Amino acid sequence: MPTSSDEFAIRAEGLGKQYKIFGGSSGADTMVDVMAKSAKAIATLGRSRPKKQSFWALKDVSFDIRQGENVGVLGLNGAGKSTLLKVLSRITDPTTGRARINGRMGSLLEVGTGFHAELTGRENIFLYGAILGMGRAEIARKFDAIVDFAEIGEFINTPVKRYSSGMYVRLAFSVAAHLEPDILLLDEVLAVGDITFQRKCLDFAKDLQRRDATILFVSHNMFSIKSMCDRVIYLRQGQVQFDGPTAKGIEIYEADCRLASVSWAKAAGITNPDETPIVITDVALLDEAGEPASVYEHGQRLRLRLDYEVRGPVDDPNFILAFVRSDGVSCCCYNTKMDGVQISTRPGAGRLELVTPPLSLISELYKIEILVRERGFGKLVCGQLGGSFHVSHPLLDMHFGVFHEPGVWTQGEQRAAARPQNIGAVA
Amino acid sequence: MTTMDAAAPALAPASKQRPSIEIRPSKGWAGLNLREIWRSRELLYFIVLRELKIRYKQAVIGVGWAIIQPLLAALIFTVIFGMFAKMPTGGIPYPLFAYAAILPWTFFAEAVRRASVGLVSDAELIRKVYFPRLIVPLAMVTAPLADFAAGLIVLLGMFFWYGVTPTPYIVLLPVFMAVAYALALSIGLWLGPLSVRYRDVMHTLPFLIQIWLYASPVAYPSTIVPERWRLIYSLNPMVGVVEGFRWALLGTPQPDFRAMGISVVVIAVALATGLAYFRKMERSFADVI
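Protein chains in written order, with the numbering used here: chain L, 6 to 432; chain P, 2 to 290.
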């Protein structure tokens with residue numbers, strides 16, 4: 006469907022971003038390196054040029070986003086989500102293609118980077134506001150509202166280095182929130198902060214939504230994507246794999262997510278995640294009766310079926326299933342070693358099934374990490390994602406901590422209050 | 002969200018005319034886009050303000066350092082070049098002779114240093130937020146003007162102390178400052194992007210500035226330079242600036258305006274190419290910094 010030029014907020018046409026990797030070194034070359042390279046290049050002139058590796062973080066990305074539309078951006082780690090936001094917010098330029106942005110753009114990519122620790126809250130409001138693109142008069146006009154919203158009070162004239170991290174983030178966020186953008190780029194993954202802050206982010210985004218702002222929203226939390234967006238763009242290896250209704254996009258994304266390698270596998274010593282000695286080939290989330298499930302009532306049991314293959318030499322494998330909450334907190338894990346289960350190391354296929362105790366986790370989204378370590382908790386030989394599930398309960402949210410279990414209470418004999426005239430004040 | 006609601010009426014007129022931005026790959030020499038810089042003048046103001054505020058925070062003497070530093074330099078020069086080496090000053094008290102030159106020199110050295118490393122010290126900002134990058138070198142060259150102004154007040158005190166009256170040419174000081182400013186900015190425009198790519202610049206810079214100091218008539222009069230080298234020597238734009246300061250303030254022989262004319266042309270070229278170079282490089286700052 007063609008849109009007239011003033012109707013779209015963002016129009017991307019064939020956006021591409023290529024990054025060059027210089028021989029594995031970490032970017033900060035020195036002139037000596039360059040001179041050495043040039044000397045080598047001259048010495049080998051006409052024969053073999055030193056190969057400059059490059060990869061496309063984004064490739065041929067095109068889409069139109071209408072004014073007032075809320076679009077989720079999905080993708081595994083490294084799929085190009087952050088690069089896309091960086092290009093659209095003009096932090097870095099594209100290698101190919103073009104994009105047009107109609108409207109004032111605000112981004113909550115990393116809140117508070119413009120702050121200077123030595124300056125007071127007041128000084129930082131003006132500095133950060135100006136960095137985000139507000140004029141002095143505009144900041145002055147919104148100043149009181151910013152301070153109120155941040156709940157900073159009398160600390161406004163204190164250097165922000167004396168702030169608690171909560172106050173710091175609140176103030177920075179408050180400045181960003183008062184930019185009142187027409188278009189908001191929101192990266193929930195990068196918008197560091199505790200869960201209450203993330204909630205505040207979402208509330209703010211929803212408030213903008215009501216004002217008919219355009220929102221481009223990157224998140225790993227399908228729950229917030231579902232509640233915010235009617236359309237998703239799913240990126241795979243820098244390319245648009247799907248662009249359409251949220252439900253369908255999430256389906257494709259989750260299918261891709263299943264059994265993908267955990268993001269920290271490389272750091273844990275797995276050089277090639279496709280060739281681990283043990284590979285999980287299938288995973289199924291079931292209820293106690295063995296029916297497929299993705300939402301569990303608090304107190305229900307979860308049944309998880311794993312199919313795996315032993316493909317290489319492995320020493321006394323320990324299968325670990327970790328439940329990681331949407332804010333990255335690893336809440337609990339079950340492992341075969343401590344439960345006294347011996348796994349065969351003979352090459353070939355195998356199947357494992359876990360039935361958890363009644364789930365005492367609070368109402369949230371959890372993803373499952375399937376890990377295999379040698380000899381108890383030694384070397385990691387497999388790390389894959391096993392999908393995600395929700396625990397639901399009408400009351401228990403993060404204010405209740407990680408899990409909830411009933412306690413055993415006893416009540417002593419009720420004694421009469423010593424000073425009855427104070428009861429009213431206490432109540 | 003009551004605060005947001007309170008701000009709502011103000012949103013309405015602003016959203017009437019929405020800005021429109023085109024994002025394209027940076028191929029060749031990008032346009033200057035001075036309009037964007039002009040629109041960001043308040044950001045420039047706040048970054049200059051930040052530079053001034055953080056420089057002397059948590060220091061007991063605070064802003065006093067802006068005055069003490071050039072004074073100390075003048076003191077050292079007075080002892081070594083005035084008392085020991087007995088530099089000819091044409092009858093002017095050596096402290097005044099040195100200080101009148103240290104003032105523009107300190108501004109220049111500080112402006113070059115900060116403009117060259119400014120992008121790197123604001124790396125975090127450049128990686129995370131978009132703003133016209135040209136604001137950084139501009140702010141870094143502008144901020145030391147405040148120290149210069151503080152130093153001027155001390156100079157007035159010295160005039161009073163030594164009973165010397167400046168010449169009427171003092172009105173030309175802004176011209177010499179403009180030359181120093183433009184020179185510092187053009188160097189910053191070249192070295193800033195270079196130091197984003199190669200940190201070596203930051204290590205080399207102190208030596209360059211040191212050498213430049215001795216290649217300029219700060220501690221000595223340019224008359225001690227042999228006649229046949231004088232023209233080449235005068236092509237160093239800071240020679241004209243420093244001599245100009247002394248001439249306007251103390252009535253020393255006037256600087257070689259012919260050589261200064263040449264260096265102004267050179268600075269203009271360096272500034273123009275520096276701007277183009279900076280615009281070309283800035284699009285990749287976030288990727289390499």
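For every residue, glycine included, the Cβ atom is placed at its ideal position computed from N, Cα and C. Model, not experiment: these values are computed from the prediction.
Where P/T4 sits in the DSSP three-state scheme: Here residue 4 of chain P refers to the residue found at position 3 of the second sequence. The predicted model places P/T4 with a pLDDT of 37, which falls under 50 and marks its position as unreliable, so this point remains unresolved.
From L/F2 to L/C338, what distance separates their C-alpha atoms? Nothing can be reported for residue 2 of chain L, as the shown portion of chain L is limited to 6 through 432.
Anticipated Cβ contact below 8 Å, L/H375 with L/L307, distance rounded: Position 370 of the first sequence, counted from the start, is the residue given in the question as residue 375 of chain L. Position 302 of the first sequence, counted from the start, is the residue given in the question as residue 307 of chain L. Residue 375 of chain L is actually Ile in this sequence, not His. Between L/L307 and L/I375 the Cβ distance is about 14 Å, and since that is not below 8 Å, they are no contact.
By the DSSP assignment, the alpha helix (DSSP H) with L/C336 in it spans what residues? The residue given as residue 336 of chain L occupies position 331 in the first sequence. Taken as a continuous stretch (DSSP letters only), L/C336 belongs to no alpha helix (DSSP H), being part of the beta strand (DSSP E) at S335 to N340.
So, does the CB of L/I106 fall closer than 9 Å to a CB anywhere in chain P? Taking the first residue of the first sequence as position 1, residue 106 of chain L is located at position 101. Yes, contact with chain P.
Here's the rule I'm using: 16 or more other beta-carbon atoms within 10 Å means buried, otherwise exposed. How should P/R198 be labelled? The count along the second sequence starts at 1 and reaches residue 198 of chain P at position 197. By the 10 Å Cβ count, P/R198 comes out buried.
Exposure label - L/V315; buried when at least 16 CB within 10 Å: Taking the first residue of the first sequence as 1, we reach residue 315 of chain L at position 310. That one is buried.
Distance, Cα to Cα, L/R109 vs L/R330? Residue numbering aside, residue 109 of chain L sits at position 104 when the first sequence is read from its first letter. Residue numbering aside, residue 330 of chain L sits at position 325 when the first sequence is read from its first letter. Cα to Cα, the separation comes out at about 34 Å.
May I ask which residues mark the beginning and end of the alpha helix (DSSP H) holding P/H204? Working through the second sequence from its first residue, we reach residue 204 of chain P at position 203. Per DSSP, P/H204 belongs to the alpha helix (DSSP H) from D201 to Y215.
Check the Cβ of L/E123 against every Cβ in chain P and list those closer than 8 Å, keeping chain order. Locating residue 123 of chain L in the first sequence gives position 118, where the first residue counts as 1. Within chain P, the residues near L/E123 are K54, I55, K58 and Q59.
Give the DSSP-derived three-state secondary structure of L/H404 in the structure shown. In the first sequence, residue 404 of chain L corresponds to position 399, counting from 1. Note: L/H404 maps to helix in three-state DSSP.
Given that L/E379 touches chain P, what residues does it touch there, using C-beta distances under 9 Å? Reading the first sequence from its first residue, position 374 is the one you call residue 379 of chain L. Chain P residues near L/E379: none, gap ~39 Å exceeds 9 Å.
Between the C-alpha atoms of P/A147 and P/A112, what's the straight-line distance to the nearest angstrom? Residue numbering aside, residue 147 of chain P sits at position 146 when the second sequence is read from its first letter. Residue numbering aside, residue 112 of chain P sits at position 111 when the second sequence is read from its first letter. Distance between the alpha carbons of P/A147 and P/A112 is about 11 Å.
Give me the chain P residues within the contact set of L/L132, using Cβ-Cβ distance strictly less than 8 Å, ordered along the chain. The count along the first sequence starts at 1 and reaches residue 132 of chain L at position 127. Per Cβ cutoff of 8 Å: F47, I48, L50 and R51.
For the alpha helix (DSSP H) that L/F328 lies in, which residues bound it at each end? Position 323 of the first sequence, counted from the start, is the residue given in the question as residue 328 of chain L. Note, L/F328: premise wrong, no alpha helix (DSSP H); beta strand (DSSP E) at P322 to R330.
Neighbouring residues, chain P, relative to L/S94 (Cβ below 7 Å): Looking up residue 94 of chain L in the first sequence gives position 89. The answer, in chain order, is Y131.
Kindly say whether L/T163, judged by its beta-carbon, lies nearer than 9 Å to any beta-carbon of chain P. Along the first sequence, read from residue 1 onward, the residue named residue 163 of chain L stands at position 158. No, no contact with chain P.
Tell me where the beta strand (DSSP E) around L/G249 begins and ends. Counted from its first residue, the first sequence places residue 249 of chain L at position 244. Taken as a continuous stretch (DSSP letters only), the beta strand (DSSP E) holding L/G249 covers Q244 to P250.
Relative to the alpha-carbon of P/L251, which residue among P/A99, P/L35 and P/R114 has its alpha-carbon at the smallest distance? Your numbering for residue 251 of chain P matches position 250 in the second sequence. Of the candidates P/A99, P/L35 and P/R114, the one whose C-alpha sits nearest the C-alpha of P/L251 is P/A99.
My understanding is that L/A68 touches L/V245, with C-beta atoms under 8 Å, so please give their C-beta distance in whole angstroms. In the first sequence, the residue the question calls residue 68 of chain L occupies position 63. In the first sequence, the residue the question calls residue 245 of chain L occupies position 240. Per the sequence shown, residue 68 of chain L should be read as Phe rather than Ala. Contact flag correct, Cβ pair sits at about 7 Å.
For L/D153 and L/V180, what's the separation of their Cα atoms in angstroms? To locate residue 153 of chain L, count along the first sequence from 1; it is residue 148. To locate residue 180 of chain L, count along the first sequence from 1; it is residue 175. Their backbone Cα atoms lie some 11 Å apart in a straight line.
Cβ-based burial, P/A150 [other Cβ within 10 Å; buried from 16]: What you label residue 150 of chain P is simply residue 149 of the second sequence in a count that begins at 1. With fewer than 16 other Cβ atoms within 10 Å, it is exposed.
List the DSSP bridge partners of P/L76. Residue mapping note: residue 76 of chain P aligns to position 75 of the second sequence, counting from 1. Paired residue(s): none; P/L76 is not in a bridge.
Would you kindly report the start and end of the unbroken alpha helix (DSSP H) that includes L/Y301? Walking along the first sequence from the start, residue 301 of chain L turns up at place 296. Segment V300 to E302 is the beta strand (DSSP E) holding L/Y301; no alpha helix (DSSP H) there.
In the structure shown, what three-state DSSP assignment does L/Q23 receive? Position 18 of the first sequence, counting from 1, holds the residue named residue 23 of chain L. Note: L/Q23 maps to strand in three-state DSSP.
DSSP state of P/G119, grouped into three classes? As a working mapping, residue 119 of chain P is identified with position 118 in the second sequence. In the structure shown, P/G119 sits in a helix (DSSP, three-state: H, G or I).
Among residues of its own chain, excluding the 5 on either side of P/P96, which ones have a beta-carbon nearer than 6 Å to its beta-carbon? Here residue 96 of chain P corresponds to residue number 95 of the second sequence, with the count starting at 1. Once the five neighbours on either side are set aside, the close Cβ partners of P/P96 are A75 and T79.
Quick check on L/V377: does DSSP put it in helix, strand or coil? Against the first sequence, residue 377 of chain L aligns to sequence position 372. Strand, per DSSP.
Counted within 10 angstroms of its Cβ, other Cβ atoms place P/P238 as buried (16 or more) or exposed: For the purposes of this step, residue 238 of chain P is taken as residue 237 along the second sequence, with counting starting at 1. By the 10 Å Cβ count, P/P238 comes out buried.
Distance cutoff 9 Å, beta carbons only. Does L/S87 sit that close to anything in chain P? Walking along the first sequence from the start, residue 87 of chain L turns up at place 82. Output row for L/S87: interface = no.
Distance, P/M88 Cα to P/I81 Cα: Here residue 81 of chain P refers to the residue found at position 80 of the second sequence. Here residue 88 of chain P refers to the residue found at position 87 of the second sequence. Rounded to the nearest angstrom, the two C-alpha atoms are 9 Å apart.
What residue range is occupied by the uninterrupted beta strand (DSSP E) comprising P/I24? Counting from 1 along the second sequence, the entry for residue 24 of chain P is found at position 23. First-last of the beta strand (DSSP E) with P/I24: S21 to I24.
Name the chain L residues that come within less than 8 Å of P/R284, Cβ to Cβ? Within the second sequence, numbered from 1, the residue matching residue 284 of chain P stands at position 283. Those within 8 Å of P/R284 in chain L are T97 and D98.
Counting only the same chain and skipping the five closest in sequence on each side, list residues whose C-beta sits under 6 Å from that of P/Y291. Residue 291 of chain P lies beyond the stretch modelled for chain P, which goes from 2 to 290, so this question has no answer here.
Compare the C-alpha of L/L90 against each of P/R115, P/F108 and P/Y131 and name the closest. Locating residue 90 of chain L in the first sequence gives position 85, counting from the first residue. It is P/Y131.
I'd like the ranges of any alpha helix (DSSP H) spanning at least 4 consecutive residues and lying wholly in the region 86-174 of chain P. 95-122, 124-129, 136-143 and 145-163
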